[in-house]
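Below is one structure; the comments refer to it alone.
Numbering (this note's numbering), first residue to last: 15 to 150.
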């Protein structure tokens, strides 16, 4: 159902990738990914609309627990970035229930979380994470 990243253009570190959203989880995000841009096919099998947003937490927030991360997201965009000034967003993909979307998502080295910000879905379990490693 979900493919592993496959190098499309190795010298540019561009990968083709698929992520599935259900109500209320992401499927297909491995624990470790190489840095680069992912041409993402976002498949929403749920009924609700979902968005996937990769956020590199940066060094100041790399050790946040899931509960602390939810509390930080609840601060809103401005509050979150005040708390985690080195965090960076790598794009987003949005799809209504039963639909698909394509979008480039850029992952940089470090702890990266994927969250759905539609109606606080992140608090219902739509947070996945990976460690992004530098492949040079």
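Backbone N, C-alpha and C fix where the C-beta goes; we use that ideal spot for every residue, glycine too.
Grab the span of the beta strand (DSSP E) containing residue i for me, first residue to last.
i, result
"residue 50", "50-58"
"residue 125", "124-129"
Mapping DSSP to helix, strand and coil, what is residue i?
i, result
"residue 149", "coil"
"residue 143", "strand"
"residue 62", "coil"
"residue 93", "helix"
Compare the beta carbon distance of residue i and residue j with 8 Å and say whether it is the shorter of the two.
i, j, result
"residue 128", "residue 68", "yes"
"residue 56", "residue 109", "yes"
"residue 38", "residue 111", "no"
"residue 119", "residue 98", "no"
"residue 144", "residue 63", "no"
Which residue comes first and which comes last in the alpha helix (DSSP H) that contains residue i?
i, result
"residue 87", "80-87"
"residue 73", "72-75"
contact_flag[the segment 44-59, the segment 89-103] where n(CB pairs < 8 Å) is 3 or more: Judged by Cβ distances under 8 Å, the segment 44-59 makes no contact with the segment 89-103, as fewer than three pairs qualify.
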